[in-house]
Amino acid sequence: MWIRVKSFLFEREGRAESGQTHTLEELHIAACALLAEAALIDGSYDEAEGARIVDLAQSHLGLDAESARNLLAEALKRAQQAVDVHGFISPLMKNFDHQERVMLMEMLWEVVYADGELHDYEANLLRRTAGLLHVSDQESGAARKRVLARMG
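Take the sequence shown: its letter number 124 is residue 200 in my numbering, and every next letter is one higher.
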């Protein structure tokens, strides 16, 4: 399944270069800023959450470790400056199909559970984000269950 994310991103790269969509870098930043917002929303940024975002950037976006860390730094900066998540979601809605948005929700669940607990603010953010991404509660719940099953 995650191989499809990589192929999706490489397909998008060609479209982005042709001017049809946002650039690949813009999509990476938007997705990671959304992940960073999930890590920050409870008021206590945990290094485990940051490490999880770096891991996700490497495994799903095909970035090397240094590029993933740089992306995280930029994403954290943007998330801290943002008033809300709409600016991150807009390019994702324009460029991600439904299945890709469900995969993004799964990534969000991975980040919020990285510190071992789900805070009320994190749960609220993910409910709102699922709605904004047009991902049903059932699909988001299934993504959450997949993450919890992997965590053991």
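Every residue, glycine too, gets a C-beta built ideally from N, C-alpha and C. Remember, it's a predicted structure, so these values are computed and weren't measured experimentally.
Q. Which class does residue 107 belong to by DSSP, given the choice of helix, strand or coil?
A. helix
**Q.** Extent of the continuous alpha helix (DSSP H) to which residue 140 belongs
**A.** Premise fails: residue 140 is in no alpha helix (DSSP H) and is neither H nor E.
Q. On the premise that residue 148 lies in contact with residue 165, defined as a C-beta separation below 8 Å, what is that separation, rounded to the nearest angstrom?
A. Contact flag wrong, Cβ pair sits at about 19 Å.
Q: Identify, in the order they occur along the chain, each residue of the same chain with its Cβ nearer than 7 Å to the Cβ of residue 167, setting aside the five sequence neighbours on each side.
A: 98, 102, 103 and 106
Q) For the candidate residues 182, 190, 217 and 224, whose alpha-carbon lies nearest to that of residue 124? A) 190
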